[in-house]
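Here the structure is laid out as structure tokens; the discussion comes afterwards.
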Amino acid sequence: MTLPPLLQLSYWFDSLPPPFLPVIDRSLLAVFGILLVAGIIARIVASRHGWEKMTKRLVARSGGMLTTLGAFGLVLYALSYERVPVLSSRLGYLLWVGLLGWYVWKTYRFIRVEIPSVQKRREEREQLEKWLPKPNNK
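Quick note, in my numbering, the sequence shown goes up one by one and the last residue is 220.
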């Protein structure tokens with residue numbers, strides 16, 4: 083496959099697109115399946131592992147995102163495999179890539195913005211509580 087067909091609107095919006103090459107077809111199936119399984123494993127690990135709260139939340143969010151991407155990708159693959167008119171158009175794969183980009187951005191923002199702000203608030207609270215009297219536990 084060359085790049086010029088990718089730049090044509092008829093490639094993305096064709097209601098009955100030609101099937102993918104067998105290598106690409108199987109690769110897509112493998113990638114979507116791996117994403118789904120990795121997401122499920124990440125959710126299980128996050129719920130059972132004794133990590134810090136924010137790390138656990140990050141792994142659980144990533145697991146949910148991977149599960150969503152894998153399931154959506156497998157639905158797209160099934161629609162393409164069955165050659166369902168309109169629903170099997172390649173536009174779905176563009177939407178999938180857009181969803182992937184949005185999830186990557188949300189994860190990046192969570193790691194770079196939310197986690198440091200929570201840690202900063204925790205440190206400030208610990209500094210303040212250091213001077214407060216401790217309750218007597220009898």
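For every residue, glycine included, the Cβ atom is placed at its ideal position computed from N, Cα and C.
Minimum C-alpha distance to residue i - residue among the options
i	options	result
Ser-129	Ile-193, Tyr-93 and Gly-146	Gly-146
Leu-164	Pro-87, Thr-150 and Phe-102	Reading the sequence as shown, one finds Glu at residue 164 and not Leu. It is Phe-102 whose Cα lies nearest to the Cα of Glu-164.
Val-113	Val-179, Tyr-190, Lys-138 and Phe-95	Val-179
Leu-148	Glu-205, Lys-212, Lys-138 and Leu-118	Leu-118
Val-141	Thr-189, Leu-210, Glu-206 and Trp-184	Thr-189
Ile-106	Lys-216, Tyr-159, Arg-191 and Trp-184	Tyr-159
Pro-167	Pro-104, Trp-213 and Asp-96	Asp-96
Leu-181	Arg-203, Arg-204, Ala-153 and Glu-211	Ala-153
Thr-150	Gly-132, Trp-184, Arg-139 and Leu-91	Trp-184
Thr-137	Trp-187, Gln-201 and Glu-205	Gln-201
Ile-197	Asn-218, Arg-139, Leu-214 and Pro-87	Arg-139
Val-186	Arg-143, Leu-91, Lys-216 and Leu-89	Arg-143
Gly-115	Pro-86, Val-157 and Leu-210	Val-157
Sequence-distant residues of the same chain with beta carbon closer than 6 Å to residue i, five excluded per side
i	result
Ser-170	Leu-161 and Ser-162
Lys-135	none
Ile-193	none
Range of the contiguous alpha helix (DSSP H) that encloses residue i
i	result
Ser-92	91-95
Pro-99	Element bounds for Pro-99: n/a, residue is neither H nor E.
Pro-217	Looking at the DSSP string, Pro-217 is not in any alpha helix (DSSP H), and its letter there is neither H nor E.
Glu-208	197-211
Same chain, Cβ closer than 8 Å to residue i, five either side skipped, listed in chain order
i	result
Leu-110	Phe-102, Gly-155 and Tyr-159
Trp-133	Val-141
Pro-87	Tyr-93
Same chain only: Cβ atoms within 7 Å of residue i, ignoring 5 sequence neighbours per side
i	result
Pro-99	Ser-170, Ser-171 and Arg-172
**Asked** Okay, do the stretch 164-176 and the stretch 120-135 touch, 3+ Cβ pairs below 8 Å being the bar?
**Response** No, the stretch 164-176 is not in contact with the stretch 120-135.
**Request:** Would you list, in sequence order, the uninterrupted alpha helix (DSSP H) runs of no fewer than 4 residues that lie entirely inside the stretch 132-186?
**Result:** 135-164
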